[in-house]
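*Asks:* Following this message is one structure expressed as structure tokens.
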Amino acid sequence: MSGIFYGIGVGPGDPELLTLKAVNVIREVDVIIAPKTEKKEDSLALSIARPYLKDNVEIVKQVFPMVVKFEQSPEAWESNKNEILALLQAGKKVAFLTLGDPMFYSTYIYVFRLLENCGYEIETIPGVPAFCAIGSKLGYPLVEGNDILSIIPATATQEKIKEVIAVTDNVVMMKVYKNFPEIVDVLTENKLTDKAVMISRCGLPDEMIIRDLEPAKEQKVNYLSTILARRR
Ligand SMILES: C[S@@+](CC[C@H](N)C(=O)[O-])C[C@H]1O[C@@H](n2cnc3c(N)ncnc32)[C@H](O)[C@@H]1O
51 MSGIFYGIGV
61 GPGDPELLTL
71 KAVNVIREVD
81 VIIAPKTEKK
91 EDSLALSIAR
101 PYLKDNVEIV
111 KQVFPMVVKF
121 EQSPEAWESN
131 KNEILALLQA
141 GKKVAFLTLG
151 DPMFYSTYIY
161 VFRLLENCGY
171 EIETIPGVPA
181 FCAIGSKLGY
191 PLVEGNDILS
201 IIPATATQEK
211 IKEVIAVTDN
221 VVMMKVYKNF
231 PEIVDVLTEN
241 KLTDKAVMIS
251 RCGLPDEMII
261 RDLEPAKEQK
271 VNYLSTILAR
281 RR
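Here is the structure:
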């Protein structure tokens, strides 16, 4: 019997935002792969999916190096890949959990690339991306009519960010934790701070919403933080 690999998006935090398909597969698989950071023992994706785990499911926590280093050192990912392949070779159904949507700025994309030519069936199950959940949570329409929405990782170069912000109607700023003050400055220069909102840990018990970004500039920003902004 041949194993099957699932990539499952568990949404941004609220356990009720998993799709029915995600829940059905999570209930059925033999093994759950939960990505975690080096520093923390628990996995956020796993805690979101926990209400749906079957009693005897095998849980394997894997630490992934920074995605930015993937191209330079893909061998760092080899042991995780081999561990997953061994489970698949044993005929197991294996589900890799990931925050939000699996094909949207996710570690899963790299895992998928490592496994896609290894001869096993892969099924990717979409999840609610954080920015969609945030728009709904805040009652903040993301795009209307002919609006153009730009999704910008704040980790991109300042030059590229400035170019896009100058022409777009609406903005979703992801990964704002690293250079938050610079991002607020760019939004202010482009008259985008009036309606800008930042939300941290949307859907989690310690969710935080900041509507006035300028005074918050010196605050330490959580990794799970996103800014929505619009021109009109
Ligand atoms: C590596 S990306 C993962 C995106 C994810 N795959 C998705 O579909 O939303 C991490 C970024 O997503 C955003 N994010 C994810 N979950 C979030 C949440 N619960 N609240 C606010 N922002 C979140 C933040 O901008 C964070 O820096």
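Using my numbering, count along the sequence shown one by one with no gaps and you end on 282.
We treat Cβ as the ideally placed atom computed from N, Cα and C, and that holds for glycine.
1. Taking 7 Å as the limit between beta carbons, can you name the residues of its chain near Lys245, skipping five residues before and five after?
2. Measuring CB to CB, does Met223 end up less than 7 Å from Ile249?
3. Just the C-alpha distance for Arg163 and Gly59, rounded to the nearest angstrom, thanks.
4. CB of Cys168 to nearest heavy atom of ligand 1: below 6 Å?
5. Quick one: what's Thr276 bridged to in DSSP?
6. Using 8 Å for Cβ pairs, my map puts Glu108 next to Asp80. What's the rounded Cβ distance?
7. Taking one C-beta from the segment 262-274 and one from the segment 194-211 each time, how about it: are there three or more such pairs within less than 8 Å?
8. Using 10 angstroms around the beta-carbon of Ala361, count the other beta-carbons present and answer buried if the total reaches 16, otherwise exposed.
9. Use the C-beta contact count for Asp151: other C-beta atoms within 10 angstroms, 16 or more gives buried, fewer gives exposed.
10. When burial is assigned at 16 or more other CB atoms within 10 Å of the CB, is Asn220 buried or exposed?
11. Could you pull out every residue in the same chain whose Cβ sits closer than 7 Å to the Cβ of Tyr158, ignoring the five residues on either side in sequence?
12. Closer than 8 Å by C-beta to Ile211: which residues in its own chain qualify, once you throw out the five before and the five after it? Chain order, please.
13. So, for Ser93: in the same chain, excluding its five sequence neighbours on each side, which residues have a beta-carbon less than 8 Å away from its beta-carbon?
14. How should Pro191 be labelled, buried or exposed, when 16 other C-beta atoms within 10 angstroms of its C-beta is the threshold for buried?
*Replies:* On the basis of the coordinates in this document:
1. Ala279, Arg280
2. no
3. 16 Å
4. Flag unset: Cβ of Cys168 not near ligand 1.
5. Answer by DSSP bridge pairing, in chain order: Ile249.
6. 6 Å
7. no
8. The chain is shown from 51 up to 282; residue 361 falls before or after that span and cannot be answered.
9. buried
10. buried
11. If we look at Tyr158 and ignore the five residues flanking it on each side, its Cβ neighbours are Gly57, Phe146, Thr148, Pro152.
12. Excluding sequence neighbours, Ile211 sits near Ile202, Ala204, Ile233, Val236.
13. Ala84, Pro85, Lys86, Lys111, Leu147
14. exposed
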